[in-house]
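The next block holds one structure in the form of structure tokens; read it before the comments.
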Amino acid sequence: MAKDVDMKKLILDLDTGVDDALAISYVLGSPEIELIGITGTYGNVLLDQGVRNSLAITDLLGHPEIKVYKGLPHAGATDSFTVGKASAFIHGNNGIGEVDIPDSKREPESEPAVDFIIDAANTYGKDLIYVPTGPMTNIAAALRKAPEIANQLGGIVFMGGALTVQGNVNAWTEANISQDPEAADYLFRSGASTTMIGLDVTLQTLLTYEETQRWRDLGTAAGTFLADMTDYYIKAYETTAPHLGGCGLHDPLAAAVAVDPTLVTTLPINMQVDVEGPTRGRTIGDNERLNDPVKTTKVAVGVDVKRFLNEFMTRITALAQAAN
Ligand code: BDR
Ligand code: CA
């Protein structure tokens, strides 16, 4: 589709596992916003596997024009990263539910992700929304290198954290924050306008086999891929969180809020991440900035589940039908 020059731009920063792939699908199915690039991070999978997945998925979904940039391979404070057992169980060893899709013939761009983020902020300013759905390592590095982008960007809508509910790694830590607590804390304190889409809301938006069957019924390669991949993820949730009755649509909810912020209700509050002590990785209000009249973070505490699920199915189903 021809894109309008005035259209809002979006960058997805992904550790491309199952729900990250659904976030790509949601954005590609959203005609009101232009995906200008995907930056790769680590988490559900290693950096290179995530980049491979993003290239292959955008091809399969009929969007080989989407450029993919390689980000940093691990948290700044460490020198290596290993995929956790829980991540491999939930997303499969290849990140996309052990589903085999063709490798892309394309390569990632030569420009590093951190430089691409800075250039895009300079080019598009307030028209650009950045959506990280893995650890915040790339955006923290970009903010360290070019602090002025904090005020240039239109906003950062990220999936991560938990304010009113427990974490999913341990009682206080959510997975994306746990991978690089320092980076998330840096982001909260950077002055950038952030919207936190945490477990508070993403564990209210659930998908079941009933919906994935609709994708399978399309009979397209894209529909079959989305159904097979997501069924693997739903099956994992039957073991890890049987009380939910479906899988959490974490990353697509962040993408959806970037497209339409009215899907959630938010609490304005200046946040921090505990980086030391037994609660390392906890996302919590910053006592020292409690009375600051300027609140840089909005934490989503409510979500219009019905409207989101309807948008999710409508947009992704249409994309999977059109793809092939
Ligand atoms: C987050 O962690 C990852 O496993 C998912 O892709 C999502 O971004 C949920 O805690
Ligand atoms: Ca993710």
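In our numbering, the protein residues as written are 20 to 343.
Built from N, CA and C at the ideal position, the CB exists for glycine as well.
| query | result |
| --- | --- |
| Simplified DSSP assignment, three categories, for ALA21 | Any reading at ALA21 needs caution, since the residue's pLDDT is 49, under 50, leaving its predicted position unreliable; the model's value is listed next. Note: ALA21 maps to coil in three-state DSSP. |
| Alpha-carbon spacing of GLY59 relative to GLY264, whole angstroms | 30 Å |
| DSSP state of PHE108 mapped onto helix, strand, coil | helix |
| Pick from GLU130, GLN198, LEU47 and ALA96 that is closest to LEU65, judged by C-alpha positions | GLN198 |
| Classification of MET215 by the beta-carbon crowding that lies within 10 angstroms, buried from 16 upward | buried |
| Residues that ALA319 bridges to, as DSSP identifies them | THR285 |
| Straight-line gap, TRP191 to THR97 (C-alpha atoms, nearest Å) | 21 Å |
| Span of the beta strand (DSSP E) around GLN291 | 290-292 |
| Presumed contact (8 Å Cβ cut-off) between THR281 and GLY321, rounded CB distance | 11 Å between Cβ atoms; not a contact. |
| Where the beta strand (DSSP E) containing LEU31 begins and where it ends | 27-33 |
| Buried or exposed by the 16-neighbour rule on C-beta atoms within 10 Å, applied to ARG334 | buried |
| Proximal residues to ALA21 (C-beta, below 6 Å), its chain only, five neighbours per side dropped | Caution is warranted here: a pLDDT of 49 is assigned to ALA21, below 50, making its placement in the model unreliable, and the coordinate value is therefore given only provisionally. Here the set comprises nothing. |
| Where PRO151 falls: helix, strand or coil (DSSP) | strand |
| Bounding residues of the beta strand (DSSP E) (the contiguous stretch that carries LEU54) | 52-59 |
| C-beta contact flag for ALA42 and ASP270 at 7 Å | yes |
| Under the three-state DSSP convention, the category ARG233 falls into | helix |
| Collapsed DSSP secondary structure at PHE207 in the structure displayed | helix |
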